[in-house]
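Chemist: Here it is, the structure in full.
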C-alpha cells in the first residue's frame, strides 16, 4: 500500500541536497542520456529528477499503473525491493535508476542513504544488506540518517592542558584579590578618625610656608608683581630675547603700542664662522691667489737663441 498523502513530506534529502517527493501523476523522469552523464558525479545531481518514497506494489507488472517510476531517485526501501524482485535485468537497473545501481546491476558505490530504511523481516531489528561490486563489501539500507541536536563528547576526566589553565586562572584571581584587599586596607585611615584632621596634621600644615597667591590685575596696566625685579635682569640675555611690545589690552588708553622689531635675517654674523658668506668669499680669494702663483712658477721657458761664435754654434739663453 502506498503511504497516505497526508504523511508524505514535501521534500526529502537525496544524501546531498533536498529534492521534491514524487507524486503519482508525475510519471517517469527525464531520460536524456547526456544530462544524466553530465550530472551523475556532481554534488547537485540531476536538475529535474524527484525522489520516490512510496511502497512498491508486488508483484511488479511492466507498463502497469502500479509499476515504480523510472528515471527518479529511489529511497533505501524501494531500492532494496526492486533489487530483490528480479523483475529487471542488470542492464535495466543501471539504465532506469543510474543514481542507485551501476551497469552491472549492483548497488552503486558511494550511494548515500535516503528516505526509509529496509529491514530483513517484519521485526525490524536488522537492516537489509546487498553486496557491492567490491569483493567482500556490503551496502546497508539503514535509511536517512537521523539528525539530532549537536552535543560535543567530552572526556570524563580533565586533560592536562585544562588543569594547567585552571591553575593559572586561580593564581591570577588570588593575586588580584590580594591587590584589592591591600588597596582597601590602605584606604582606611590608621588613626580611625575617619579622615578628619587631627592635632598632628594641623601642626604639620602650619609648619609648611604658604605660597602667596598672585592677585589678578583689574586695571589696564599689568601689576607690579607680574614683572621681574630689575635687580634680577640679566643684560647678557638681551640679544637672545626677541623684543616684543606689550599687548594692547594691557596698556593705558593714552599709550600707543610699540612697533614690532625688524625680523632677524638669520645670517651668521661671524666672518670666520664656516659656511658664512664672508668665510666662503675669503676662501675663494685665497684659492684664486694660490692658483695664480702656481701658474707663475710653472711659466714656460722661452727657447734659446743660436749665435755664431767663431767656428761653432753655441746656445745663448735669453736673459
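Numbering (this note's numbering), first residue to last: 334 to 652. Where a beta carbon is used, it is the ideal one built from N, C-alpha and C, also for glycine.
1) Go ahead and pull the three-state DSSP assignment for residue 423.
2) Can you tell me where the alpha helix (DSSP H) with residue 410 in it begins and where it stops?
3) Run through DSSP, which three-state label would residue 445 get?
4) Is the stretch 492-505 close to the stretch 418-425, with three or more CB pairs under 8 angstroms?
5) Under 8 angstroms Cβ to Cβ from residue 738, same chain only, skipping five residues before and after it: list those, please.
6) Would you please state the rounded distance, in angstroms, between the beta carbons of residue 446 and residue 348? I believe it to be under 8 angstroms.
7) Assign residue 451 to one of three DSSP states: helix, strand, or coil.
8) Taking the alpha-carbon positions, what's the residue 459 to residue 475 distance?
9) Between residue 389 and residue 373, is the Cβ-Cβ spacing less than 8 angstroms?
10) What number of angstroms, rounded off, separates the C-alpha of residue 613 from the C-alpha of residue 586?
11) Let me confirm a value: residue 376 is counted as buried when at least 16 other C-beta atoms fall within 10 Å, else exposed. Which label applies?
12) Quick one: what's got a C-beta closer than 6 angstroms to residue 379's C-beta in the same chain, skipping five residues either side?
13) State the start and end residues of the unbroken beta strand (DSSP E) segment that holds residue 352.
14) Pick helix, strand or coil for residue 462, following the three-state DSSP scheme.
15) Rounded to whole angstroms, what is the Cα-Cα separation between residue 506 and residue 341?
16) Hey, could you find the ends of the alpha helix (DSSP H) residue 372 is sitting in?
17) Once DSSP output is grouped into helix, strand and coil, what is the label at residue 393?
18) Work out the CA separation of residue 472 and residue 392 for me, nearest whole Å.
19) Sorted by chain position, which residues of the same chain lie with C-beta nearer than 7 angstroms to residue 538's C-beta, five sequence neighbours on each side aside?
20) Could you check where the beta strand (DSSP E) with residue 404 kicks off and where it finishes?
21) Which whole-angstrom value is the C-beta distance of residue 453 and residue 463, which I expect to be below 8 angstroms?
22) Within 10 Å of its beta-carbon, does residue 573 have 16 or more other beta-carbons around it, so buried, or fewer, so exposed?
Modeler: On the basis of the data shown:
1) helix
2) 409-418
3) coil
4) no
5) Residue numbering for the chain in the displayed model covers 334 to 652; residue 738 lies beyond these limits and cannot be assessed.
6) 6 angstroms
7) coil
8) 9 angstroms
9) no
10) 52 angstroms
11) exposed
12) 372
13) 351-353
14) strand
15) 58 angstroms
16) 366-372
17) coil
18) 24 angstroms
19) Low local confidence applies: a pLDDT of 49 at residue 538 is under 50, so the model's placement there is unreliable, and no value is given.
20) Here residue 404 belongs to no beta strand (DSSP E), and DSSP marks it neither H nor E.
21) So it is not a contact: roughly 11 angstroms between Cβ atoms.
22) Any reading at residue 573 is ruled out, since the residue's pLDDT is 49, under 50, leaving its predicted position unreliable.
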